[in-house]
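In this note's numbering, the protein residues as written are 928 to 1366.
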């Protein structure tokens, strides 16, 4: 009956507008929620077959969706591990429950922003219980290859506040002037000594001792020195002298054009000298170490000039053990630890997750999402590479809710609800008139 269909259509209209009111109220209540994505209600008309000259109201039905691809504005914060994504990518996270169980299986959730801070175990965790995932770096700070379509390479990011770090010394650059007068006839032939501190693989301090002994000729000048290198960490002889790790004969140029520069280096023990780079390698207790004394003919490195022994410059890599001072995440997703000895070390890299249909993700609590068949399979991109954008630290993403727009839709919904209620009231009055015909 046509009049009955009007009643049913209006009841469907009330239900549809009630659903729309629910999404509007959810949006407004989350207008201050970081990372919140706006929910919408979409109306579709229903058509019922009608005969010639008659019409039956089909009513309306609704579908709800969340616009995950809409991004809110980024706002700055004071926490270096407050993270937001500037682009379409999403941060990989998991639940604190799965991390606590520690059975090696952490479900992959996605979020666009989060305020992550170390918990009691050092895991970077949001107040809502989401734990940040990343790829652990190798000891040298590089990121290994890992599967891009699987969570197998991802682990919870864990920061040890009591972490220590040090770097072993692998290279020493020497710039030292030897006195030319010591290689002339009649010279006393006194040796010159130089001690250089280095740091071993465990961050402990050790020393290399360089002894330069001139060759004193019977006549003229030899311009020749013998350089002996000992390591304090090697075995010592009966006199307490460490074993020699390198011995070299240095010949200096006395010509007018290249006077005072290295002319040749002959190896007695230790690694061979490379005249093109000025480097030879010796074997210290912790492993090989490069010693740079300068190229042949170069004024940088070892020289023989005048009558003064002068260590001009001694530089080396490596550091002693230092304590962790801060953690930061750069735009490429590298989690860097800074230490009080002035070094920083890459601990993890946070990839960004992308799916073909972002709005097809399943919505979960705490502004997190899960991959579904509707969203398509995920792929892990390096932040700053590909279509995903980059990571911004010291930042959060605001709610995507437009309060003014939601209030406008609220007025429209209220009017539509009232209109449907008015139709029901009218149909009721018409049915009452039909009943009164019998009287």
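We treat Cβ as the ideally placed atom computed from N, Cα and C, and that holds for glycine.
Closest Cα partner of residue 991 within the set 1011, 981, 1014, 944: 944
Contact check, residue 1271 vs residue 1098, beta carbons under 8 angstroms: Not closer than 8 angstroms, so no.
Residue 1031 beta carbon near the ligand FMN (any heavy atom closer than 7 angstroms): In the structure on display, the ligand FMN does not appear, and there are no ligands present to speak of.
Separation of residue 1223 from residue 1111, as counted between CA atoms: 22 angstroms
Collapsed DSSP secondary structure at residue 1178 in the structure displayed: strand
Per DSSP, cross-strand counterpart(s) of residue 1038: Under DSSP, residue 1038 forms a beta bridge with 1018.
Three-state secondary structure (DSSP) of residue 1160: It is coil, neither helix nor strand.
Spatial neighbours of residue 1075 in its chain, beta-carbon cut-off 7 angstroms, leaving aside the 5 residues before and after: 1306, 1307
Three-pair Cβ contact test at 8 angstroms for the region 1062-1075 versus the region 1191-1201: no
First through last residue of the beta strand (DSSP E) which encompasses residue 1010: 1009-1013
Top-ranked residue by Cα proximity to residue 1238, from 1336, 1061, 1228, 1068: 1228
Residue span of the beta strand (DSSP E) that contains residue 1351, given as start and end: Careful: residue 1351 lies outside any beta strand (DSSP E), inside the alpha helix (DSSP H) at 1330-1363.
Length at least 4, wholly inside the region 928-1013: the alpha helix (DSSP H) runs in chain order: 929-956
Per-residue DSSP class, three states only, for residue 1112: DSSP, read as helix, strand or coil, puts residue 1112 in coil.
Simplified DSSP assignment, three categories, for residue 1240: strand
Residues near residue 932 by beta carbon distance below 6 angstroms, same chain, minus five either side: 983, 984
Residue environment, residue 1168, which counts as buried when at least 16 other CB atoms sit within 10 Å: exposed
Top-ranked residue by Cα proximity to residue 1204, from 1217, 1194, 1195: Ranking 1217, 1194, 1195 by Cα distance to residue 1204 puts 1217 first.
Rounded separation between residue 1078 and residue 1177 - CA only: Looking at the backbone, the Cα of residue 1078 and that of residue 1177 are separated by about 58 angstroms.
Nearest residue (CA-CA) to residue 1013, options 1324, 1130, 1046, 1170: 1324
Cutoff 6 angstroms; reference residue 1302; Cβ partners in own chain excluding five residues on either side: 1282, 1284, 1287, 1288
Buried versus exposed, by CB contacts within 10 Å (16 or more), residue 1134: exposed
Coil, strand or helix - residue 1025 by DSSP: Residue state, collapsed to three classes: helix.
Bridge partner(s) assigned by DSSP for residue 1271: In DSSP, residue 1271 forms a bridge with 1265.
Residue 1306 - partner residues in DSSP beta bridges: 1281
Residue 1240 versus residue 1253 - alpha carbon distance: 32 angstroms
For residue 1193, the three-state DSSP class (helix, strand or coil): In the structure shown, residue 1193 falls within a strand segment according to DSSP collapsed to helix, strand and coil.
Backbone CA spacing between residue 975 and residue 940 [nearest angstrom]: 15 angstroms
Same chain only: Cβ atoms within 8 angstroms of residue 1257, ignoring 5 sequence neighbours per side: 1263, 1318, 1320
Bridge-paired residues (DSSP) for residue 1229: 1103
Backbone CA spacing between residue 1024 and residue 1085 [nearest angstrom]: 15 angstroms
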